[in-house]
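Protein chains in written order, with the numbering used here: chain R, 1 to 451; chain W, 1 to 110. We put the CB at the ideal spot given by N, CA and C, even for glycine. Since the structure comes first, as structure tokens, the remarks are kept for the end.
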């Protein structure tokens with residue numbers, strides 16, 4: 001048996017004592033992983049500089065010069081559409097005196113210009129202007145380029161990696177594209193882009209959305225139409241996936257015999273819950289049509305599952321969408337994907353409901369949270385960007401019941417985690433196996449732990 | 001005489017003790033009543049609808065009324081009278097509708 005001590009010795013953790021916070025084997029999980037400032041520092045030193053991170057979507061930067069800044073702690077990059085239509089990323093700092101060149105999102109007017117002394121670069125990062133250049137020591141043009149950041153795209157998502165030696169994005173993503181591709185994320189575009197601050201560690205948020213074990217206590221209304229105990233958990237080597245349990249039926253936890261199930265009611269519970277309580281989950285183009293049709297009486301011998309499946313598929317055809325690569329389980333349910341480390345959420349037929357979460361500075365008790373909803377568009381239809389919304393206080397906005405229920409947990413989770421008298425934490429071996437995998441992978445980066 | 005409560009669609013008849021809730025009477029008689037919070041008026045999963053009541057029922061407490069107001073069932077059937085089985089006190093002649101009330105012995109643990 002491998003003990004914590006052996007594993008810690010194998011690791012090359014440089015910070016004395018921090019290895020004790022690793023989450024190994026069946027040991028209890030140290031709660032300081034979520035509360036310690038030293039752990040935050042270790043993540044900034046060993047995790048964030050080395051992983052591919054979702055920076056933006058391609059539809060946010062349709063025209064040459066359009067840019068989006070992506071920052072993680074003190075590191076900032078900006079992604080820009082070049083004159084030739086490519087996508088590049090640069091460290092967000094002037095090579096002259098260091099000024100940040102991009103803030104938030106917007107458009108460079110043909111060139112990137114430093115506001116301090118007016119130096120300029122083309123959209124490929126080559127320097128085009130230095131004021132009084134003859135008064136500087138001569139330097140090769142290459143040295144006056146903006147500093148590149150690796151940027152690659154998958155499925156309309158633009159990822160950046162601050163490690164110039166990082167392996168290619170598609171290698172990093174492992175089987176994620178196998179799960180994602182049938183839903184055609186490259187044909188989706190934004191319907192919601194909301195940012196807020198949550199009073200908890202970023203990993204608490206990732207963990208909360210990486211299991212369905214909390215559904216019965218936190219979202220009991222879902223039990224009426226989903227057998228959430230039947231969800232399948234598929235930890236990948238680096239990322240995680242869970243899904244299945246799509247066929248509408250009451251949770252086995254309710255103990256309702258099959259002969260007592262009312263299929264019409266089941267259909268209405270599912271459709272109303274998804275549309276009313278998870279706004280954006282089913283795209284707006286589909287939601288109201290589905291709601292209306294669910295109120296027509298179910299034909300005899302037709303189950304809620306048959307009906308939902310047929311109506312969704314027929315609706316997709318009517319809207320010009322190609323769902324031929326999606327099997328029935330995918331049209332009924334979907335796949336909840338975690339792209340390690342901080343991009344997570346369900347992709348369903350026709351839409352994606354994703355969360356991007358980052359630490360908020362050095363504070364282990366606060367994080368920057370974004371809700372991104374995407375909707376699939378028919379081939380040929382333009383992929384557009386929506387309005388961006390920012391809510392500094394999450395309580396100032398109506399997020400929909402399900403997200404609200406999750407948010408209401410976070411303050412109490414973080415407050416409780418600070419109470420070290422509670423000792424180590426525990427994970428369910430099956431339903432929280434993706435949570436465990438996330439932390440094992442995190443430790444691979446932080447402590448060189450084997451997985 | 002102890003209050004008797006009928007549960008549809010199973011047709012089970014519960015004999016309650018005075019002051020006992022419908023859910024407590026069912027559990028004591030060896031039935032399983034759907035719940036995930038275990039009788040804390042939190043999950044709403046135990047909700048029943050009142051089919052017939054011989055006398056005006058005691059009004060729901062603020063706690064119970066708040067939880068009932070959030071029930072998805074109420075959106076589907078706004079005319080029905082929903083109550084929480086973990087809070088409503090059994091009265092004689094009460095008939096309620098609740099699916100999934102089955103002998104506990106026949107239920108596989110989840």
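- Can you give, in chain order, each stretch of the beta strand (DSSP E) that sits fully within the region 32 to 93 of chain R and has at least 3 residues? 53 to 57, 66 to 72, 75 to 81 and 87 to 91
- Would you call the CB atoms of residue 31(R) and residue 424(R) closer than 8 Å? yes
- beta strand (DSSP E) containing residue 249(R): first to last residue? Run containing residue 249(R): none; DSSP gives neither H nor E here.
- Separation of residue 143(R) from residue 198(R), as counted between CA atoms: 41 Å
- Please list the residues of the region 42 to 66 of chain W that have a C-beta atom closer than 9 Å to any C-beta atom in chain R, keeping them in chain order. 42, 43, 44 and 45
- Item | At least three beta-carbon pairs within less than 8 Å, the region 411 to 425 of chain R to the region 79 to 86 of chain R | no
- residue 33(W): CB within 7 Å of a non-hydrogen atom of the ligand FAD: Inclusion of the ligand FAD in the displayed structure is not the case, the ligand content being empty and no account of it being possible.
- Is it buried or exposed for residue 358(R), if we count other Cβ within 10 angstroms and need 16 for buried? buried
- Query: How long is the line joining the alpha carbons of residue 427(R) and residue 64(W), rounded to whole angstroms?
  - Reply: 33 Å
- Task: For my contact list, residue 61(R) and residue 81(R) are in at a C-beta cut-off of 8 Å; report their separation, rounded to the angstrom.
- Result: 4 Å
- Message: Beta carbons nearer than 9 Å to chain R: which residues of the region 18 to 34 of chain W have them?
- Response: 32, 33 and 34
- Message: Given this structure, state the Cα-to-Cα distance separating residue 103(R) from residue 374(R), to the nearest angstrom.
- Response: 24 Å
- Task: At 8 Å on the CB atoms, spell out the chain R contacts of residue 97(W), in chain order.
- Result: By Cβ distance, chain R contributes nothing, its closest Cβ being about 10 Å from residue 97(W), past 8 Å.
- Query: Closest by CA to residue 9(W), which one among 201(R), 256(R), 247(R) and 315(R)?
  - Reply: 256(R)
- Roughly how many angstroms lie between the CA atoms of residue 348(R) and residue 332(R), to the nearest whole one? 8 Å
- Message: For the region 96 to 107 of chain W against the region 243 to 257 of chain R, do three or more pairs of beta-carbon atoms, one drawn from each stretch, fall closer than 8 Å, so that the two count as touching?
- Response: yes
- Message: By alpha-carbon positions, which one of 379(R), 429(R) and 252(R) ends up nearest to residue 317(R)?
- Response: 379(R)
- Item | Neighbourhood of residue 432(R) by C-beta, 7 Å cutoff - its chain only, sequence neighbours within 5 removed | 211 and 213
- Item | Assumed close pair residue 22(W), residue 48(W) - CB separation to whole angstroms, cut-off 8 Å | 7 Å
- What's the C-alpha gap between residue 6(W) and residue 392(R)? 52 Å
- Beta-carbon separation of residue 464(R) and residue 109(R) under 8 Å? The structure shown has nothing for residue 464(R), since chain R only spans 1 to 451.
- Give the residues of chain R in contact with residue 75(W), contact being defined as C-beta atoms less than 7 Å apart. 272
- Cβ-based neighbour list, residue 361(R), same chain, cut-off 6 Å, excluding 5 preceding and 5 following: none
- Task: Quick one: measure Cβ to Cβ for residue 280(R) and residue 353(R), integer angstroms, because I've assumed they're closer than 8 Å.
- Result: 6 Å
- Indicate whether at least one CB of chain W lies closer than 8 Å to the CB of residue 291(R). no
- Query: Touch check for the region 68 to 84 of chain W and the region 35 to 50 of chain W: three-plus C-beta pairs under 8 Å?
  - Reply: yes
- Task: List in chain order: all unbroken alpha helix (DSSP H) runs of 4+ residues lying wholly within the region 201 to 275 of chain R.
- Result: 202 to 208 and 215 to 218
- Task: Kindly indicate if chain R contains any beta-carbon less than 8 Å away from that of residue 38(W).
- Result: no
- Task: Determine the contact status of residue 51(R) and residue 201(R), defining contact as a CB-CB distance below 8 Å.
- Result: no
- Task: Specify the secondary structure class of residue 110(W) as computed by DSSP and reduced to three states.
- Result: Note that residue 110(W) scores 46 on pLDDT, short of 50, meaning its location in the model is unreliable; the coordinates nonetheless yield the value given after this. Here residue 110(W) sits in coil by DSSP.
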